[in-house]
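S.K.: Residue numbering for the sequence shown follows full-length UniProt numbering, beginning at 1 and increasing consecutively. Quick reminder that beta carbons are idealized off the backbone N, C-alpha and C, glycines included.
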Amino acid sequence: MADTLADLAAQLRIDSIRCTTAAGSGHPSSSMSAADIMAVLFQKYLRFDFQQPKAPNNDRFVLSKGHACPVLYSAFKAAGAIDDRELLSLRKFGSRLEGHPNPHVLPLVDVATGSLGQGLAVGVGMALAARLDGLPFRTYVLMGDSETAEGSVWEAFDKAGHYGLDNLCAIIDVNRLGQSRETELGWNLEAYAARVRAFGWNAVTLDGHDLGAIDRAFAEAQAKKGQPTCLICRTEKGHGSSLIANQDGWHGKPLPEDKAKDAIRELGGERHVRIQVQKPEALKATVQDKASPLELPTYEVGQKEATRKAYGDALLALGNARPDVVALDAEVSNSTYANEFQKAHPKRYFEMFIAEQNMVSSAVGMAVLGKKAFVSTFAAFLSRAYDQVRMAAISNATVHLCGSHAGVSIGEDGPSQMALEDLAMMRAVGGSTVLYPSDANQTAKLLAQLADRQGITYLRSTREKTPVLYPATEDFPIGGSKVLRQSDEDVATVVAAGITLHEALKAYEALKKDGIAVRVIDLYSVKPVDAKTLRQAARETLGRLIVVEDHWAEGGLADAVLEAFTGAREQLPTVVRLAVTKMPGSGKPAELLDAAGIDAGHIVEAVTSLREETTARGGDGRPSENAWGHTNA
């Protein structure tokens, strides 16, 4: 076996050199340091059915140091999952073997990696999912030493220790050299071990090129109960090639063809070792809760309720109906009302404390294993985990985010707590869905639809209690909107969502008393946006749109509205933006809405100003024949 492992490790190094030299780019040195670790793991410990990569009891492997993917792809080749021709397609256009692992094109991997510091948190989510499902599979996460400088790594170490995840094994490839210099701790293995143990882990330090030591360490990790285990492996970057081993300046650089031939010769020449990765037992999840019909909460029109409370109520209803729903919160569950779910389904609720980056990545780990993961915190603090959200989209994961306490309308807490960029942030995520409900029934109906919506979804909720506008029987298709007020006499359209929709309705009543009619649209679906309704409104109201949002002017509701006219044959409408443009402070919600210029009074002023401009040009402020091709008598 020792000879086979040595041959396999040499082959993994050789193939890492071959494919990166063929590509003309890549990270052979970072791959070569981990080759012995990968050889032992794949040959002796990993249980994985390559014909069924999503089999529920497969062990999971996360390559957190995603730039070292040549060694992973080389292991796939040794296991017969890909052939040599595909291996040599590394980094080429159209290849499944991208420069960092990507499940969009390669189903053999669960998540995208490459933005360092996230893999262990994903592993935490996978290990929690295994425990929830009563499955014995193990999760292995191979990390680089450089990425341990990331705070998100220690969030993950902390949560794994807190939950006692003895089905999780982290491996730190301590090859000492980062991209531009020696790492912070170099080869100080005991410093790594002390930090890991402080978070409740079993730590094993070893020579990462000693196959016997690696074997014994994995065996210890497998036998350890009550604690996760971290293998801290002293390795050499570029190990096996005298030219680049432990040498600066070779990070992210392939060997030229002549040097590659020399290195391959030094490693004993090309070989064709094949391994039989053992398959796991064919087990399925033990489902403890039974599915039942969905019974969403309902609210009476006119009563006041906060949409954040409706989120909690609807999340509980989803949890009651679906055993695959899990909830994660960042220690604000009594404000997001995720605590309602916690009380009813404590085994499916995961407290992530104030560690939003770990929370999002752990949700990704659960989601790629089939869980419907709902993540909640204050909207402002999701910005801290934006890279994790971005990588979740690249991972092809479905994660449902809810951000509460958004905008100046939260009141006295002040700007540090006010999410004013969250809509822009979430709209920019590839393939995302962004919703901003205005009342409790709408919130519940939208959340129910999100459960089966693919990709990253974001629901923005409001702190303040607001009147229920819609009966519980109303439907709210994603991508739609609601026209709440309209007539043939409308001189403009007011577009709003969430808290500002209620201000728009107040403005409508004030304008009506003065004989001025406006259309009011509830744009609850910010992405995708209801282009058809917006274009129709522009045609029928002189091309005048007033967009009111509790958000910075950039990237939010108004920009979503403008996108509805991309490619339209009609003339672009006149869009008046009422948005937050100055840094807010503390105050009552009504005071802050007024100060930001987004309350009912400012909407009335904006409409009146538009009418006065028309009158100054000789019109009467009423719709007439115009460039939008609509005539009102």
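Using three-state DSSP, classify Trp154 as helix, strand or coil.
M.R.: helix
S.K.: In three-state DSSP terms, what is Asn202?
M.R.: Here DSSP, grouped into helix, strand and coil, assigns Asn202 to strand.
S.K.: Per DSSP, Trp552 is paired with what?
M.R.: Val580
S.K.: Can you check the segment 102 to 181 for any beta strand (DSSP E) of at least 3 residues that lies completely inside it and give the ranges in chain order?
M.R.: 139 to 144 and 168 to 174
S.K.: Identify the residues that DSSP records as bridge partners of Gln278: which are they?
M.R.: Arg47
S.K.: Would you identify the three-state DSSP class for Glu184, choosing helix, strand or coil?
M.R.: Three-state result, Glu184: coil.
S.K.: Quick one: what does DSSP say residue 635 is sitting in, helix, strand or coil?
M.R.: The chain is shown only over 1 to 633; residue 635 falls outside these bounds and no answer can be derived.
S.K.: May I ask you to list the residues that DSSP assigns as paired with Gly403?
M.R.: Thr377 and Arg460
S.K.: In the segment 556 to 607, which residue ranges form an unbroken beta strand (DSSP E) of at least 3 residues, counting only runs that do not cross its ends?
M.R.: Correct list: 574 to 580.
S.K.: Which stretch, first to last residue, makes up the alpha helix (DSSP H) that contains Asp413?
M.R.: Taken as a continuous stretch (DSSP letters only), Asp413 belongs to no alpha helix (DSSP H), as it is neither H nor E.
S.K.: Tell me, please, whether the segment 48 to 67 touches the segment 98 to 117 by the rule of three or more beta-carbon pairs shorter than 8 Å.
M.R.: yes
S.K.: The alpha helix (DSSP H) with Thr443 in it runs from where to where?
M.R.: Looking at the DSSP string, the run of the alpha helix (DSSP H) that includes Thr443 is Ala440 to Leu450.
S.K.: Spatial neighbours of Asp620 within its chain, please: CB distance less than 7 Å, with the 5 preceding and 5 following residues excluded, ordered by chain position.
M.R.: For Asp620, the predicted structure reports a pLDDT of 46, less than 50, and the residue's modelled location is therefore unreliable. A value from the coordinates is still provided. Here the set comprises nothing.
S.K.: Going by alpha carbons, who is nearest to Thr298 out of Lys371, Tyr45, Met366 and Thr473?
M.R.: Thr473
S.K.: Confirm, please, whether the CB-CB distance from Phe378 to Gly403 is below 9 Å.
M.R.: yes
S.K.: Return the chain-ordered list of same chain residues with a C-beta closer than 6 Å to the C-beta of Lys372, the five sequence neighbours on each side being excluded.
M.R.: Only Asp324, Val325 and Ala451 meet the Cβ criterion.
S.K.: Is Arg234 a contact residue of the ligand NAP, with contact defined as CB to any heavy atom under 8 Å?
M.R.: Ligands are entirely absent from the displayed structure, and the ligand NAP is therefore not among its contents.
S.K.: One question on the structure: do Ala39 and Arg271 come within less than 9 Å of each other, judged by their Cβ atoms?
M.R.: no
S.K.: So is Thr566 buried or exposed if we call it buried at 16+ other beta carbons inside 10 Å?
M.R.: exposed
S.K.: Using the three-state DSSP reduction, which class does Cys19 fall into: helix, strand or coil?
M.R.: Here Cys19 sits in helix by DSSP.
S.K.: Enumerate in chain order the residues of its own chain whose CB-to-CB distance from Val141 is below 6 Å, with the five nearest sequence positions on each side excluded.
M.R.: Val62, Ser64, Gly119, Leu120, Gly123 and Ala170
S.K.: On a Cα-Cα basis, can you pick out the residue from Lys284, Glu605 and Asp422 that is closest to Leu459?
M.R.: Asp422
S.K.: Tell me whether Lys77 sits in a helix, a strand or coil according to DSSP, three-state version.
M.R.: helix
S.K.: Say whether the segment 519 to 535 touches the segment 390 to 399, bearing in mind that this needs 3 or more beta-carbon pairs closer than 8 Å, one atom from each stretch.
M.R.: no
S.K.: Give me the Cα-Cα distance between Pro53 and Leu255, rounded to the nearest whole angstrom.
M.R.: 32 Å
S.K.: Inspect the CB distances between the segment 91 to 109 and the segment 128 to 141 and report whether three or more fall short of 8 Å.
M.R.: no
S.K.: Is there contact here, the segment 336 to 353 with the segment 83 to 101, by at least three beta-carbon pairs under 8 Å?
M.R.: no
S.K.: Which residue wins for smallest C-alpha separation from Ala444, given the options Lys159, Arg611 and Ala317?
M.R.: Out of Lys159, Arg611 and Ala317, Ala317 has the C-alpha closest to the C-alpha of Ala444.
S.K.: If you run the structure through DSSP and keep just helix, strand and coil, what is Thr433?
M.R.: strand
S.K.: Please report the straight-line C-alpha distance between Arg265 and Ala75, rounded to a whole angstrom.
M.R.: Near 20 Å, if we compare the C-alpha coordinates of Ala75 and Arg265.
S.K.: What residue from Asp559, Ala245, Arg197 and Tyr470 has the CA that sits closest to Ala440's CA?
M.R.: Tyr470
S.K.: Have a look at Glu503 and Lys588 and give me their C-alpha separation to the nearest angstrom.
M.R.: 15 Å
S.K.: Can you list, in chain order, the residues of its chain with a C-beta nearer than 6 Å to that of Leu177? Leave out the 5 residues immediately preceding and following it.
M.R.: These residues qualify, in order along the chain: Lys237.
S.K.: Taking the CB atoms as reference points, tell me whether Val196 and Cys233 lie closer together than 9 Å.
M.R.: No, the Cβ-Cβ distance between Val196 and Cys233 is not below 9 Å.
S.K.: Consult DSSP for Asp329 and reduce its assignment to one of helix, strand or coil.
M.R.: strand
S.K.: Cutting at 7 Å between CB atoms, please list the residues of its own chain near Ala217, excluding the five before and the five after it.
M.R.: Val204, Leu206 and Leu231
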